[in-house]
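Taking my numbering, the leading residue of the sequence shown gets 94, the next gets one more, and so forth.
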Amino acid sequence: LSPANGEPIIVPSQDVVLGLYYMSRSLVNKKGEGMVFANTNEVKRAYDNRLVELHAQVKVRITQVERDEEGNKVTKTSIQDTTIGRALLSEIMPEGLPFELCNTEMTKKNISRLINQSYRLLGLKDTVVFADKLMYTGYAYATRAGVSIGIDDMLIPDEKKGILGEAEAEVLEIQEQYQSGLVTAGERYNKVVDIWSRTNERIAKAMMETIGTEKVEGSDGKMVDQKSMNSLYIMADSGARGSQAQIRQLAGMRGLMARPDGSIIETPIKANFREGLNVQEYFNSTHGARKGLADTALKTANSGYLTRRLVDVAQDVVITEVDCGTSEGLTMIPIVEGGDVVEPLKDRVLGRVVAEDVFLPGNDEDPIVTRNTLLDEQWVNKLEEAGVQTIKVRSTITCASSFGVCG
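1) DSSP on PHE496, reduced to helix/strand/coil?
2) Buried or exposed: SER119, going by 16 or more other Cβ atoms within 10 Å of its Cβ?
3) May I ask you to check if the CB of VAL447 is nearer than 6 Å to at least one heavy atom of the ligand PLP?
4) What is the DSSP secondary structure of THR200, reduced to helix, strand or coil?
5) Mapping DSSP to helix, strand and coil, what is THR143?
6) Considering only the alpha carbon of each residue, which of ASN323, ASN132, GLU458 and ASN203 lies closest to SER106?
7) Find the nearest neighbour of VAL285 within the set ALA338, GLN339 and LEU349, judged by alpha-carbon distance.
8) Beta-carbon within less than 7 Å of ALA260's beta-carbon, same chain only, minus the 5 sequence neighbours each way: which residues are those?
9) What residue from GLU126, VAL109, LYS298 and ILE428 has the CA that sits closest to ILE256's CA?
10) Go ahead and label ARG401 buried or exposed: buried means 16 or more other beta carbons lie within 10 angstroms of its beta carbon, across all protein chains shown.
11) Going by beta-carbon coordinates alone, are LYS152 and VAL129 separated by less than 7 Å?
12) Taking 8 Å as the cut-off, does the stretch 186 to 205 touch the stretch 328 to 336 (at least 3 CB pairs, one atom from each stretch)?
13) Beta-carbon within less than 7 Å of GLN270's beta-carbon, same chain only, minus the 5 sequence neighbours each way: which residues are those?
14) When DSSP labels each residue in this structure, what does SER171 get in the three-state scheme?
15) Please list the segments of the alpha helix (DSSP H) lying wholly inside the stretch 226 to 283, counting only runs of 4 or more residues, in order along the chain.
16) Name the two residues that bound the continuous alpha helix (DSSP H) containing LEU325.
17) I need the DSSP call for ILE185, collapsed to helix, strand or coil.
18) In the DSSP output, which residue or residues are listed as bridge partners for GLU348?
19) What separation, rounded to the nearest whole angstrom, lies between the Cα atoms of VAL317 and GLY305?
20) Unbroken alpha helix (DSSP H) runs of length 4 or more, entirely within the stretch 352 to 409: which are they?
21) On the CB-based measure, 16 or more other CB atoms within 10 Å of its CB, does SER183 come out buried or exposed?
22) Taking the alpha carbon of LEU122 as the point to measure from, which residue in LYS218, VAL309 and ASN209 has its own alpha carbon closest?
23) With burial defined as no fewer than 16 other Cβ atoms inside 10 Å of the residue's Cβ, what is the status of LEU265: buried or exposed?
24) With a cut-off of 8 Å, do at least 3 Cβ pairs link the stretch 412 to 419 to the stretch 479 to 499?
25) Taking the C-alpha atoms as reference points, what is the distance between ARG445 and ASP405?
26) From the DSSP output, in three-state form, read off LYS320 for me.
27) Using the three-state DSSP reduction, which class does VAL151 fall into: helix, strand or coil?
28) Please report the Cβ distance between LEU343 and ASN377, rounded to the nearest whole angstrom; I am assuming they are in contact, meaning their Cβ atoms lie under 8 Å.
29) Where does ASP450 sit, in a helix, a strand or coil, going by DSSP?
30) So who's on the other strand from LYS485, going by DSSP bridges?
31) Tell me whether ALA180 is buried or exposed, calling it buried when 16 or more other Cβ atoms sit within 10 Å of its Cβ.
32) Based on Cα-Cα distance, which residue from GLU188, VAL481 and LEU111 lies nearest to THR230?
33) Only counting the same chain, and skipping five residues up and downstream in sequence, which positions put a Cβ closer than 7 Å to that of THR303?
34) Let's test the definition: count the other Cβ atoms within 10 Å of the Cβ of GLN482 and tell me whether it reaches 16, buried, or not, exposed.
35) Taking just the CA atoms, how far does VAL372 sit from ILE358?
36) Enumerate in chain order the residues of its own chain whose CB-to-CB distance from VAL136 is below 7 Å, with the five nearest sequence positions on each side excluded.
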């Protein structure tokens, strides 16, 4: 486990993630859709005899072993909606892990969650063996997937031309305002850069929608939208390799470039690597490549010096007493960006110590968690279920010790 955040360090990467993601994808109208299986052995036999496809949506009877509150093993059997690939993946799951953890798309994040839960519920030995099995399974299905990228995978959105046209018209309008004396040179520059940044985002969004969805015929004969099996998209969506920013340069537009001094060139590169760059665009983009090489050489000295100064500062942060007794702390809330929860409250407070009693909304007498409680997995899950939105936690920043900090 990482000492930084308590997440597992042994998380598969690249090919393994790609293979596990590929086998756990669910697709519409595949061979074998709607079939019902008595157990995973039947699924394996059907798949080996090519009666079903890996991504077909099926029902499988799954037997799970759970532990009750007293630690006794309890066997539960239920029919689960799943896919052939996920049922095969459940075969390598150690006894005691819930099937829900692998009955989903196995992106890098979900694989990390799976290993984390395995460690919490089953301990180190079983988790290490399970991680090995995940690796072998991932490699096997990455080979079967045969995922490779060709130029036809880089789908340029149809909307690109229109979006560029709108941006060019806006830039022209600002240029006219500047020539009429309505805006200063600085304002004109900032507005132009802002327009092109927004345009780049819009094209990137349109491109991800083009690459990420496809229309297919459902079992009822109607056309439905589903997540695409485009190789580029699979690699980025699974977390195996690449990101939206890199795909944007391949199939969207390269966007704004920086000069060697760090200022932004206001004429962007409208082309992408699939369309190819003209001479001027290529020349503009060489700034960045050369600057990158120069910075790499200079950065090493700077980072060494920074480390030295950080160690120097940290010398004073020594634990000198058990509890300074302060009621001060940091108020934690979920991190929200653009309406989406980027980091939920439970992730932020896991492993922290509560600074003041936490009450349920409308109940000021009976605290759900008392001050100085260390929040472990059970506590954070309890708080999430109770709907608590803010928690005040102890922090070294607000510690009242005269010298050093309290433990």
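Using N, Cα and C, we set each Cβ at its ideal position, and we do this for glycine too.
This is what the structure holds:
1) The answer is coil: DSSP assigns PHE496 none of H, G, I, E or B.
2) buried
3) Of ligands this structure carries none, so the ligand PLP is not represented either.
4) Reduced to three states, the DSSP call for THR200 is coil.
5) A small fix is needed here, since residue 143 is Arg in this sequence, not Thr. Coil, per DSSP.
6) It is ASN203.
7) LEU349
8) ILE288, TRP289 and THR292
9) LYS298
10) exposed
11) yes
12) yes
13) These residues qualify, in order along the chain: VAL276.
14) strand
15) Residue ranges of uninterrupted alpha helix (DSSP H) with 4 or more members, entirely inside the stretch 226 to 283 and ordered along the chain, are 253 to 272.
16) Element bounds for LEU325: 324 to 331.
17) coil
18) Residue identity check: residue 348 is Gly in the sequence provided, not Glu. Answer is ILE362.
19) 14 Å
20) 372 to 407
21) Buried is the call here.
22) Note on identity: in this sequence residue 122 is Asn, with Leu being the wrong assignment. Comparing Cα-Cα distances from ASN122 to each of LYS218, VAL309 and ASN209, the minimum goes to VAL309.
23) exposed
24) Touching, yes.
25) 26 Å
26) strand
27) strand
28) Their Cβ separation, rounded to whole angstroms, is 18 Å, which puts LEU343 and ASN377 out of contact at 8 Å.
29) coil
30) THR424
31) With 16 or more other Cβ atoms within 10 Å, it is buried.
32) LEU111
33) LEU248 and PRO250
34) Burial call: exposed.
35) 16 Å
36) When the five nearest sequence neighbours on each side are left out, the beta carbons in the same chain lying within less than 7 Å of the beta carbon of VAL136 are those of PHE130, VAL153, ILE177, ALA180 and LEU181, in order along the chain.
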